[in-house]
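Visitor: These protein sequence lines are chains A and B, in that order. Quick note: the first sequence uses the working numbering, first residue 1, plus one each step. Quick note: the second sequence uses the working numbering, first residue 1001, plus one each step.
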Amino acid sequence: AQSVTQLDSHVSVSEGTPVLLRCNYSSSYSPSLFWYVQHPNKGLQLLLKYTSAATLVKGINGFEAEFKKSETSFHLTKPSAHMSDAAEYFCVVQLGSWGKLQFGAGTQVVVTP
Amino acid sequence: EAQVTQNPRYLITVTGKKLTVTCSQNMNHEYMSWYRQDPGLGLRQIYYSMNVEVTDKGDVPEGYKVSRKEKRNFPLILESPSPNQTSLYFCASSLWLAGDTTDTQYFGPGTRLTVL
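(1) So which residues on chain A does Thr1104/B lean against when the C-beta distance must stay under 7 Å?
(2) Shortest alpha-carbon distance to Lys58/A belongs to which of Phe34/A, Ser14/A, Glu15/A, Ser27/A?
(3) Quick check: the segment 73–85 of chain A against the segment 1022–1030 of chain B, are at least 3 beta-carbon pairs closer than 8 Å?
(4) How about the segment 3–16 of chain A and the segment 106–113 of chain A: do they share at least three Cβ pairs that are nearer than 8 Å?
(5) Identify which residue in Tyr1010/B, Ser1024/B, Thr1020/B has its Cα closest to the Cα of Phe1107/B.
(6) How long is the line joining the alpha carbons of Ser1067/B and Thr72/A, rounded to whole angstroms?
(7) By the three-class DSSP mapping on this structure, what secondary structure does Gly62/A have?
(8) From what residue to what residue does the beta strand (DSSP E) around Lys1057/B run?
(9) Following the continuous beta strand (DSSP E) through Glu88/A, name the residue where it begins and the one where it ends.
(10) Can you give the beta carbon distance from Tyr1089/B to Arg1044/B, rounded, assuming they're within the 8 Å contact cut?
(11) According to DSSP, simplified to helix, strand and coil, what is Ser73/A?
(12) Below 7 Å on C-beta distance, what does Tyr1089/B contact in chain A?
(13) Consider the Cβ of Tyr1064/B: report whether some Cβ of chain A lies at a distance smaller than 8 Å.
(14) In chain B, which residues lie with their C-beta within 9 Å of the C-beta of Phe90/A?
(15) Do you know whose CA, among Val93/A, Ile60/A, Val37/A, Ser14/A, lies nearest Ser52/A's CA?
(16) Going by beta-carbon coordinates alone, are Gly104/A and Gln38/A separated by less than 8 Å?
(17) Within a Cβ cutoff of 6 Å, which residues of the same chain sit near Ala1002/B, ignoring the five residues on either side of it in sequence?
(18) Compare the C-beta of Gly1058/B with all C-beta atoms of chain A and state if any pair is closer than 8 Å.
(19) With C-beta atoms as the reference, is Ser1087/B less than 8 Å away from Val1004/B?
(20) Check this for me: beta carbons of Leu1116/B and Leu1011/B, under 8 Å apart or not?
(21) Is Trp1034/B closer than 8 Å to Leu1078/B when the C-beta atoms are compared?
(22) For Ala54/A, count neighbouring Cβ atoms within 10 angstroms of its own Cβ and tell me buried if that reaches 16, exposed if not.
(23) Please list the partners that Gly104/A has in chain B, where partner means a Cβ-to-Cβ separation under 7 Å.
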């Protein structure tokens, strides 16, 4: 069963406009949630993580995400897209306490001038 | 410099020829993990290790083996590679926190494997 679903495989935004990347998860446990970014031909880099502290999590490069337990969502947002934000973004959930991690299929972000 | 290294970075091999991809980290991390990345599927976890001599299966362990004899190394072994194991492989490491959660994962640069 899929534990993490990224609702959009591709998102295209204009530079300077808001970015919204949607992620829903299913977990019987209180989850740890992460967003990672992968630029072309690069490894993955952590943007932010949620580990049951504040529900609004601020990350690097102006990104933030809000954990909504009632909606089982962890959507990633940025108020104003920059050309350098063009990349693939992965939502990740830690399943229980055994260290097993599940990645979403990824959302490819295109930023147009 | 804190880093995760993988070798080789690129490998072309033939079906059935045993191979090992090495992974090493210099951050004294307890947790290490292997992933494969395929188009449209994101990253899928192959195996992970929460400390020396402690390993467990991820989502796609078939056809792979791992070992964790030392804290810094976590090699991935393909005993008899097949073409469906052609993929981009990433190793990652992180701290293992109180409360049984992983911390930020640091990823290696990736190994592109082609099995003919």
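The beta carbon of each residue, even a glycine, is placed where N, CA and C say it ideally should be.
Guide: So, from the listed chains and residues:
(1) Leu46, Lys49
(2) Phe34/A
(3) no
(4) Contact between the segment 3–16 of chain A and the segment 106–113 of chain A is present, because at least three Cβ pairs lie under 8 Å.
(5) Ranking the options by Cα distance to Phe1107/B, first place goes to Ser1024/B.
(6) 35 Å
(7) helix
(8) 1054–1057
(9) Secondary structure note for Glu88/A: its beta strand (DSSP E) is the uninterrupted segment 87–95.
(10) With a Cβ gap of about 11 Å, Tyr1089/B and Arg1044/B do not count as contacting.
(11) strand
(12) By Cβ distance, chain A contributes nothing, its closest Cβ being about 11 Å from Tyr1089/B, past 7 Å.
(13) no
(14) Gly1042, Leu1043
(15) Val93/A
(16) no
(17) Met1027
(18) With a threshold of 8 Å between beta carbons, Gly1058/B makes contact with chain A.
(19) A distance of 8 Å or more separates the beta carbons of Ser1087/B and Val1004/B.
(20) No, they are not a contact pair.
(21) no
(22) exposed
(23) Gly1042
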